[in-house]
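Colleague: Attaching a single structure in structure tokens format; questions to follow.
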Amino acid sequence: MGNCWTTSTAVKDLDPVEEHLEDHVIVEAETEKAPAEVFALMRGGHDVIRGNMTTIDQLIEKKDWEAAFESYSKLAKWEEMHSMMKDGYGDENTPKGVFAIMDETFGGIAQEFELREGYAAIGDLEKKADEFIDVSDGESFEEVFLELKTASNAQMRKEEKIIEPKYKHMKMSGDFDLTELMMTEILALIVESPDFKFYVQHAVSVLEKHHGNQPRAETFAHALCECATPEQWETWSAWIKEAASQKMYDNIVKLTGS
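When the letters of the sequence shown are read in order and numbered with numbering that gives the first Met the number 0, they come out as residues 0 to 257.
This is the structure:
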């Protein structure tokens, strides 16, 4: 576990592009070794959500309602799994999820800033979106999706502002085995799900498309590799190969060494 061969990465010779373009980022492996950033499974998850929302925006602009509804359904399915990694089972049992870990480590910080409560309003908007999809009401879906996107972005920014500095503190302290923590208390919440293949493939596909001139898909895959047993990675990397372009997959193989 956590035995990926690792290298640092850099983005080379890219023309400026908007984040929503479909050009995939070109990443070359450097010789200097660097550890995988396991928290990329969470922070990269926000990039998946934002990227998927951008795709929906593009489809709405074209009034391609059927494709917009399908893309939203994928987002909702993926985001449910991502949320499980944050929420855990909502009790004292393990796996705990990110919010419980933050509460235990930093004096109830997730409770103090009401990180869980922010999803109540988002859940109401999601229900409305589902209702409009059920009756194929594209115009109403567009209105509620705009509200949903605004609320989701606000929630993600709030979480990033609060959690990311704490994660960096944990990393720099040297007191935590972050890979083990990710494996046993966060990723373990979804790894046995029948939808885990979808989780992996959708993330890589969206991150490759919406790369923001950064190696987002590679970094996400590298984090997965770091958290996998050799047997798991053999399966997961095959899923990634199916979802990614050949160039992207080659980049990931260079980065993970497998």
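No residue lacks a Cβ here, since even glycine has one placed at the ideal position from N, Cα and C.
(1) Distance check for residue 140 and residue 105, CA to CA, integer angstroms please.
(2) Here's the rule I'm using: 16 or more other beta-carbon atoms within 10 Å means buried, otherwise exposed. How should residue 67 be labelled?
(3) Let me know if residue 88 comes out buried or exposed under the rule of 16 or more other beta-carbons within 10 Å of its beta-carbon.
(4) Give me the Cβ distance between residue 205 and residue 96, rounded to the nearest whole Å; I'm assuming they're in contact under 8 Å.
(5) Can you find at least 3 beta carbon pairs, one from the segment 198-212 and one from the segment 222-242, that sit closer than 8 Å?
(6) Taking residue 143 as the reference, give the member of 55, 35, 113 and 235 with the closest Cα.
(7) Roughly how many angstroms separate the alpha carbons of residue 39 and residue 214, rounded to a whole number?
(8) Below 8 Å, how does it come out for the segment 170-179 and the segment 57-73: are there three or more Cβ pairs, yes or no?
(9) Can the beta-carbon of residue 93 be found closer than 9 Å to that of residue 228?
(10) List the endpoints of the continuous alpha helix (DSSP H) containing residue 201.
(11) What do you get for residue 90, buried or exposed, if any count of 16 or more other CB atoms within 10 angstroms of its CB means buried?
(12) Drop a sphere of 10 angstroms on the beta-carbon of residue 208, count the other beta-carbons inside from all chains shown, and report buried for 16 or more, exposed for fewer.
(13) For residue 213, does the three-state DSSP call read helix, strand or coil?
(14) What separation, rounded to the nearest whole angstrom, lies between the Cα atoms of residue 83 and residue 77?
(15) Could you name the residues of the same chain whose beta carbon sits closer than 8 Å to that of residue 74, not counting the 5 residues immediately before and after it, in chain order?
(16) Can you tell me whether residue 224 is helix, strand or coil according to DSSP?
(17) For the alpha helix (DSSP H) that contains residue 185, what are its first and last residues?
(18) Could you compute how far the alpha carbon of residue 197 sits from the alpha carbon of residue 171?
(19) Could you have a look at residue 164 and say whether DSSP puts it in helix, strand or coil?
(20) Measure the C-alpha to C-alpha separation of residue 137 and residue 70 and round it to an integer number of angstroms.
(21) Can you have a look at residue 37 and say buried or exposed, based on whether 16 or more other CB atoms are within 10 angstroms of its CB?
Modeller: In short:
(1) Residue numbering aside, residue 105 sits at position 106 when the sequence shown is read from its first letter. Residue numbering aside, residue 140 sits at position 141 when the sequence shown is read from its first letter. For residue 105 and residue 140, the distance between alpha carbons rounds to 39 Å.
(2) The residue labelled residue 67 in the question sits at position 68 within the sequence shown. Residue 67 is buried by the Cβ-count criterion.
(3) Sequence index remark: in the sequence shown, residue 88 carries index 89 (1-based). By the neighbour-count rule (16 or more Cβ atoms within 10 Å), residue 88 is not buried but exposed.
(4) As a first step, residue 205 is located in the sequence shown; it is residue number 206 there, counting from the start. As a first step, residue 96 is located in the sequence shown; it is residue number 97 there, counting from the start. Incorrect: roughly 22 Å between the Cβ atoms, too far for contact.
(5) yes
(6) The residue labelled residue 143 in the question sits at position 144 within the sequence shown. Comparing Cα-Cα distances from residue 143 to each of 55, 35, 113 and 235, the minimum goes to 55.
(7) The residue labelled residue 39 in the question sits at position 40 within the sequence shown. The residue labelled residue 214 in the question sits at position 215 within the sequence shown. Whole-angstrom Cα-Cα distance: 11 Å.
(8) no
(9) Position 94 of the sequence shown holds residue 93. Position 229 of the sequence shown holds residue 228. Cβ atoms of residue 93 and residue 228: not closer than 9 Å.
(10) Your numbering for residue 201 matches position 202 in the sequence shown. 195-208 is the span of the alpha helix (DSSP H), which, as asked, contains residue 201.
(11) Indexing the sequence shown from 1 puts residue 90 at position 91. So residue 90 ends up on the exposed side.
(12) Taking the sequence shown and counting its residues from 1, one reaches residue 208 at position 209. Counting the other Cβ atoms within 10 Å of the Cβ of residue 208 gives 16 or more, which makes it buried.
(13) Here residue 213 is taken as the residue at index 214 of the sequence shown, counted from 1. In the structure shown, residue 213 falls within a coil segment according to DSSP collapsed to helix, strand and coil.
(14) Within the sequence shown, numbered from 1, the residue matching residue 83 stands at position 84. Within the sequence shown, numbered from 1, the residue matching residue 77 stands at position 78. Spanning the two alpha carbons is a distance of roughly 10 Å.
(15) Within the sequence shown, numbered from 1, the residue matching residue 74 stands at position 75. The answer, listed in chain order, is 48, 51, 52 and 55.
(16) Numbered from its first residue, the sequence shown carries residue 224 at position 225. Note: residue 224 maps to helix in three-state DSSP.
(17) Your numbering for residue 185 matches position 186 in the sequence shown. Annotation: residue 185 is outside any alpha helix (DSSP H) and is labelled neither H nor E by DSSP.
(18) Here residue 197 is taken as the residue at index 198 of the sequence shown, counted from 1. Here residue 171 is taken as the residue at index 172 of the sequence shown, counted from 1. Going from the Cα of residue 197 to the Cα of residue 171 covers about 33 Å.
(19) In the sequence shown, counting from the first residue as 1, residue 164 sits at position 165. In the structure shown, residue 164 sits in a helix (DSSP, three-state: H, G or I).
(20) Against the sequence shown, residue 137 aligns to sequence position 138. Against the sequence shown, residue 70 aligns to sequence position 71. Between residue 137 and residue 70, the C-alpha separation is close to 13 Å.
(21) Indexing the sequence shown from 1 puts residue 37 at position 38. With 16 or more Cβ atoms within 10 Å of its Cβ, residue 37 is classed as buried.
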